[in-house]
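A short write-up of the structure that comes next.
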Amino acid sequence: MASESTPRRQRNIQVGQVVSRAGNKTIVVEVTRRVQHPFYKRYVNRRKKFHAHDEQNQCQVGDRVRIAESRPLSSLKRWRLVEILRRATAQIAEEAKPDRPEAGQ
């Protein structure tokens, strides 16, 4: 066998927003792209969701991330997290507690 190595093809890379943490070490990333409609020639947004592997569980919902194609990790996961481009703003909304006790107590 020849010692020549075949060059590896470039892996597909996508940038999107985390819309869900689907489980332990799994995130769901929504990638939005603009395409021109074939007949009307108007630009429309197309969205697709990818399940990606997050080894350190470091992503939160709302983060802007870069993901890359990888080998199949489960029945749905074919992508892995490369980096977090922008963190989501911390919007911790506490539930409004009533000032007075409920009636009848």
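In my numbering, the protein residues as written are 674 to 778.
We put the beta carbon where it would ideally sit given N, CA and C, even for glycine.
Within 8 Å, strictly: CB atoms of residue i and residue j
{"i": "H724", "j": "L758", "result": "no"}
{"i": "G696", "j": "V738", "result": "no"}
{"i": "R694", "j": "H726", "result": "no"}
Inter-residue Cα distance where the pair is residue i and residue j
{"i": "Y747", "j": "V717", "result": "The identity of residue 747 in the sequence shown is Ser, whereas the question assumes Tyr. Rounded to the nearest angstrom, the two C-alpha atoms are 32 Å apart."}
{"i": "D736", "j": "I700", "result": "11 Å"}
{"i": "F712", "j": "R760", "result": "38 Å"}
{"i": "P756", "j": "T705", "result": "Per the sequence shown, the amino acid found at residue 756 is Glu instead of Pro. Those two C-alpha atoms are separated by around 18 Å."}
{"i": "Q709", "j": "E677", "result": "42 Å"}
Residue nearest to residue i in terms of C-alpha spacing, selected from the options
{"i": "K721", "options": "R707, R682, K714", "result": "R707"}
{"i": "R802", "options": "E756, R684, P680", "result": "The displayed coordinates of the chain run from 674 to 778. Any statement about residue 802 would go beyond what the structure contains."}
Beta-carbon contacts of residue i that lie in its chain and below 8 Å, excluding the five residues immediately before and after
{"i": "V692", "result": "V701, V702, E703, K722, V734"}
Start and end residues, beta strand (DSSP E) containing residue i
{"i": "E756", "result": "752 to 759"}
{"i": "T705", "result": "699 to 709"}
Contact with chain C by residue i, beta-carbon distance below 8 Å
{"i": "S678", "result": "Judged by its chain identifiers, the structure shown contains no chain C, having just a single protein chain."}
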